[in-house]
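In the working numbering, the protein residues as written are 755 to 1199. Each residue gets a CB set at the ideal place from its N, CA and C atoms; glycine is no exception.
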Amino acid sequence: MSNIETRPETPRFRTGAEPGQPAGEFTIDRLGTAGDGVAETAEGLVFLAGTLPGERVAARPAGRRGEGLAGDVTEILAPSPDRVTPPCPHFLHECGACALQHFAEAPYAAWKRGRLVEALARAGQPDAPVAEMVVAAPGTRRRADLALRRLPGGGVALGFHARGSAAVADLSTCHVLDPALVQLFRPLRELARRLPALRKEGSAVLNLLDSGPDLLLRTDAKLDASQRAMLAAFGQAHGMPRIAWALGDAAPENAAQAGPVRLDLSGVTVAPPPGAFLQAAPAGEAAIIAAVLAGLAAQKLPVRARIADLYAGIGTLSFPLSAKGRVAAYEGDAAAVAALDAGARRAGGRVEAIRRDLAYRPLLPAELKAFGAVVLDPPYNGAVEQVAQIVRSTVPVVVYVSCNPVALARDAAVLVRAGFKVTQATPVDQFRWSPHLESVVSFRR
Ligand SMILES: C[S@@+](CC[C@H](N)C(=O)[O-])C[C@H]1O[C@@H](n2cnc3c(N)ncnc32)[C@H](O)[C@@H]1O
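Here's what the structure looks like:
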């Protein structure tokens, strides 16, 4: 037996360049799943952020990346006709939240929609009907998970992380977030600067609710009474009824509350817990709900069909689904279940909220028998354990809401192998300029 290494060699950047000159030239073949340009060289893949298919670029090595190498682009030698000027001054070199601001609108949308087409093809449904992508406009994201880092001089950096690094981009602006959140950057940075509870690092989750911005502050030291008073004054000055605080990853507590928080979910008022999951943009939420309801409508559910809403959060999908039948809403997070349960009671009892960890205790085939349809909206890594039970059950209709085409492709392949077929698929771009894509995919057995 030969012991010759058969793995493709790691690509090498060309050596012999003049000192200070770029060490290699590459032609970009395609965009990878993280939105980076990928050059497929004879020796392997080279990932080059900020490039576009068809471009010729000069780059120098910047370390390994998976099976290949990453490079830093030093010059765009032959730009793509699809290249545009990125609107944000922090894009690429400081902030890693967006990957594709340099890509013109139409080819960007085609690439993103293509991610869903590709995911369904990988799952064995190359001819699945994929609708046009619904796009949430820039400046409409209502949820931000910002990093806070104390700087050597005592100041604080506030923003998203840099690409593939723990560095915090200290943001003056953001083109994806709602301006009501962006205008809090400066005062929040100043507040954090004056808070001894922020020793080295922390985070600030901002949710824009109907009652105003809601802040969950996580710090690495305790908050005393005088700092709570500072938070209360900050909340009052910026129209924020509640500010919650947590030490590291501990459960949050209310540090300052001047009034109730509220969010309307399809006509039902809920009080989201601090840092609650919300669909990223109102237009994205509306498109997801419309696609889920359309997916069920096309299946003509029996009149008294019960619907299981799995990974239900605070009920974003449960309440609109209750127009179609009684809903059993399963969710793992205790605070989200409590908010959903309170909303359900106010809404008149067609939604039942149940706390359950669906990774450890997925709904079993005997339990799934009670439902005419299952809607699931799992976290980023998908729903391996729950899908394994769905395929063993007799449930005829599944609507899968996904924020990760890679996990979707894997879970959809399991459904397809068990005899499910895609009846409708809708891409929803509520993570503008990022490589992330929300999708709603309906399956029928
Ligand atoms: C993508 S969010 C969807 C929430 C909701 N459907 C919505 O549209 O707002 C995923 C939800 O799954 C919940 N979750 C994560 N892991 C879970 C698990 N193992 N069991 C049950 N729920 C889980 C999270 O708490 C979160 O609320």
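Determine the burial state of residue i: buried for a count of at least 16 other Cβ atoms within 10 Å of its Cβ, exposed for fewer.
i, result
"R948", "exposed"
"L802", "buried"
"P1116", "buried"
"H847", "exposed"
"E1007", "exposed"
"K976", "exposed"
"Y862", "buried"
"R897", "buried"
"K866", "buried"
"L823", "buried"
Please look up how many angstroms separate the CB atoms of residue i and residue j, rounded, as I've assumed it's under 8 Å.
i, j, result
"K809", "G789", "This sequence places Glu at residue 809; Lys is not what is there. Contact flag wrong, Cβ pair sits at about 14 Å."
"D974", "G1002", "6 Å"
"R904", "L952", "6 Å"
"T805", "P1189", "With a Cβ gap of about 14 Å, T805 and P1189 do not count as contacting."
"T894", "D924", "Wrong, their Cβ atoms sit about 23 Å apart, outside the cutoff."
"A1012", "P995", "5 Å"
Counting only the same chain and skipping the five closest in sequence on each side, list residues whose C-beta sits under 8 Å from that of residue i.
i, result
"I1043", "S1020, T1070, L1071, P1074"
"Q937", "none"
"G1136", "S1156, N1158, A1161, L1162, R1164, D1165"
Give a single yes or no on whether residue i has its beta carbon closer than 7 Å to a heavy atom of ligand 1.
i, result
"Q1184", "no"
"G1086", "yes"
"T1177", "no"
"T1070", "yes"
"L942", "no"
"R896", "no"
"Q981", "no"
"G1067", "yes"
"R1110", "yes"
"Q1143", "no"
"A1051", "no"
"D1018", "no"
"P1159", "no"
"F1031", "yes"
"P1132", "yes"
"A1090", "yes"
"A1062", "no"
"A1113", "yes"
Quick one: what's got a C-beta closer than 6 Å to residue i's C-beta in the same chain, skipping five residues either side?
i, result
"A1101", "V1022"
"A1107", "A1083, V1091, L1094, D1095, A1098"
"P1133", "none"
"A873", "P1159, L1162, A1163"
"Q775", "In this prediction, Q775 scores a pLDDT of 47, lower than 50, which makes its location untrustworthy; no coordinate-derived value is stated."
Here's a check: name, in chain order, each residue in its chain whose Cβ is nearer than 7 Å to the Cβ of residue i, leaving out the five neighbours to either side.
i, result
"A1088", "R1109"
"C1157", "Y1134, H1190, E1192"
"A882", "L874, V1176, A1179"
So, using beta-carbon positions, are residue i and residue j closer together than 8 Å?
i, j, result
"S1193", "L1162", "yes"
"Q1184", "A890", "yes"
"G1079", "I1061", "yes"
"A958", "L971", "yes"
"L900", "L960", "yes"
"Y1065", "L1130", "yes"
"V838", "A858", "yes"
"R1199", "Q1053", "no"
"L1112", "G1086", "yes"
"L945", "F988", "yes"
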